[in-house]
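Heads up, the sequence shown is in our numbering, so the first residue is 47 and it goes up one at a time.
All residues carry an ideal CB built from backbone N, CA and C; glycine is no exception.
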Amino acid sequence: MAQAFHLPPQALRGVCVVDFSHVIAGPFATFHLAQMGAEVVKIEKPGGGDVMRRTASGAQAFTAINAGKQMRAIDIASPEGRAEVLELARVADVMVDNYRPGVLRRHGLAYEDVQAINPGIVYCAISGYGYSDPARTPFGAYDHVIQALTGMTMLSGQEGDAPVKTGFPVIDAATGIIGALAIMAALREREHTGAGCFLDVSMWASALQLMYPFACETLTHDQEIARVGNKGFSGSPAADTFACRDGWLAIGANTHAHVERLLGELDIDPALAGPLLEPAAEGGATFARARDPKGFRELLASRMAGRSAHELEARLNAAGVPAARVRSLREFTREAVDTGLLEPVVLGQGAAQARTPGLGWRVRPGSAC
């Protein structure tokens, strides 16, 4: 089999990016561009730079999302600094603005200023609220604030619970990926038209992309989405997370066939479970439903409470029922490395090295690559 590359072989070779990003969302966008071969020049404020340099995780955290970039300290408030940036922008393909809307404009570095000297520039502005809402546009934003604003914290947890934030900056990460995707699409469009453009990438819009099926449902039917805790998206009564003797097990028994196999592996008599379930529809696979969801879940939970999550994970998957023991991130990454599923990509140099999971996809080049 051909060699599998963790990172693509210089897909963006020759693309030059002027990068005014900081913290996570913007730097994650330009990180992807840099790792795909773009020349990224990150502009930082003299005397401190990106706040990520001073986080508890230290140099490794900064390196993990800024590897492969050239760093320059430029005072854009000075005439000399502004002139230096404009000279970079004059020959660049992309400029990324990750400040609050209006900050770079005050320094004469807005899209119109750069476009005047480089009509083909792809100018990507990444912010919390975007440029379309004058009431919110000037506001700063952080991941957990946007999670609250967009309803994400009211999708996690059970009905009646306090709002529950996702345990990592998911919107920051998504905004970075969407920003990189938008930039690559704009570069491709420029190949056809020769024209640059202004890209408005916001955290709130990225949050809706993450919640896309639910956002479509609320926009179409104007209804609230129920909070379902650790249940699966399918709504099957057997798609849930259950306590076992030695931990927790997530099960994705979505279809009637899945449920039948699950009952068999748990030694549950179909005659006992049958009255609790809706019968399967004729003519095709549908998601399972229960006449008595609470009673059916209690039946499953009672049979799993004394069993090993490790054992059930293996048995259910072997039987064709998707299942995974609940792990910590540390536990999963150790296991993935030990089994060869994950081969960490080391970025940076010396004390600032970071072991990373790569870009999330691999390439097996064909004969032409």
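Rounding to the nearest angstrom, what Cα-Cα distance links residue i and residue j in this structure?
i    : j    : result
A272 : G281 : 11 Å
V63  : V160 : 13 Å
A48  : L387 : Confidence is the limiting factor: at A48 the pLDDT is only 46, short of 50, which leaves the residue's position unreliable, though a coordinate-based value still follows. Cα-Cα distance, rounded: 17 Å.
L256 : A220 : 8 Å
F74  : T196 : 21 Å
H238 : A369 : 47 Å
L233 : G127 : 27 Å
L245 : P92  : 27 Å
L150 : Q399 : 32 Å
A365 : E311 : 8 Å
S413 : R59  : Note on S413: pLDDT 47, under 50, position unreliable in the model; the coordinate value appears next. If I take the Cα positions, the gap works out to 20 Å.
R410 : V391 : 16 Å
A296 : A119 : 48 Å
M82  : F185 : 32 Å
F378 : G206 : 31 Å
A57  : G94  : 32 Å
Using CA coordinates, which residue listed in the options is at the minimum distance from residue i?
i    : options                : result
S348 : D313, A334, R376       : D313
R389 : P403, F378, L362, E377 : According to the sequence as given, residue 389 is Glu; it is not Arg. Minimum Cα distance to E389 is reached at P403.
S178 : G148, N164, R59, I224  : G148
F260 : L201, H238, G293       : L201
I89  : R371, G406, D121       : D121
P321 : L308, R401, G341, E235 : G341
G275 : F288, D268, P165, G95  : F288
L308 : G293, A105, A326, L346 : L346
R373 : R128, A365, S67, A382  : A382
R146 : E357, I167, Y175, M198 : Y175
R401 : Q106, G72, G95, G186   : Q106
R136 : Q204, G242, A327, A181 : G242
S354 : R371, L323, G394       : R371
V87  : G94, V61, I70          : V61
R99  : R361, L362, I163, I70  : I70
Q204 : T183, G278, E263       : G278
S173 : I163, M198, D218       : D218
A351 : D292, L318, I224, E235 : D292
G222 : E306, C262, A327, I111 : I111
E357 : W294, F214, L318       : W294
I224 : E85, A187, R380, A253  : A253
I167 : R408, C262, T183, E235 : E235
Can you tell me whether residue i is buried or exposed? The criterion is at least 16 other CB atoms within 10 Å of its CB, across all chains shown.
i    : result
P316 : exposed
L337 : Correcting the residue type first, residue 337 is Arg in the shown sequence and not Leu. By the neighbour-count rule (16 or more Cβ atoms within 10 Å), R337 is not buried but exposed.
C170 : buried
H304 : buried
F108 : buried
D189 : buried
P283 : buried
P165 : exposed
Q193 : buried
V367 : buried
C415 : Note that C415 has pLDDT 49, beneath the 50 cutoff, so the model's placement of it is unreliable and no number is given.
C290 : buried
E324 : exposed
E344 : exposed
L375 : exposed
P416 : Past the boundaries of the shown model lies residue 416; the chain is included only from 47 to 415, so the question cannot be answered.
A187 : buried
L362 : buried
Is any heavy atom in the ligand NAD found nearer than 7 Å to the beta carbon of residue i?
i    : result
Y169 : Ligands are entirely absent from the displayed structure, and the ligand NAD is therefore not among its contents.
Which ranges does the beta strand (DSSP E) cover as unbroken runs of at least 3 residues, wholly within the stretch 168–227, from first to last along the chain?
168–173
Do the stretch 153–170 and the stretch 124–138 touch if we need at least three Cβ pairs shorter than 8 Å?
yes
Within the stretch 92–174, note down every full alpha helix (DSSP H) run reaching 4 residues or more, in order along the chain.
105–112, 125–136, 149–152, 157–163
Take every Cβ of the stretch 331–340, pair it with every Cβ of the stretch 297–308, and state whether three or more of those distances are shorter than 8 Å.
yes
Secondary structure, beta strand (DSSP E): runs of 3+ residues fully inside the stretch 262–308:
284–290, 293–299
Within the chosen definition, does the stretch 220–236 reach the stretch 71–78 through at least 3 CB pairs nearer than 8 Å?
yes
Specify whether the stretch 136–145 and the stretch 100–115 touch according to this definition: at least 3 beta carbon pairs, one from each stretch, less than 8 Å apart.
no
Is it the case that the stretch 261–271 contacts the stretch 238–252, given that we only count it when at least three CB pairs across the two stretches are under 8 Å?
no
Alpha helix (DSSP H) runs wholly inside the stretch 348–403, at least 4 long, in chain order
355–364, 375–385
Do the stretch 56–71 and the stretch 195–212 touch if we need at least three Cβ pairs shorter than 8 Å?
no
Beta strand (DSSP E) runs wholly inside the stretch 52–81, at least 3 long, in chain order
62–66
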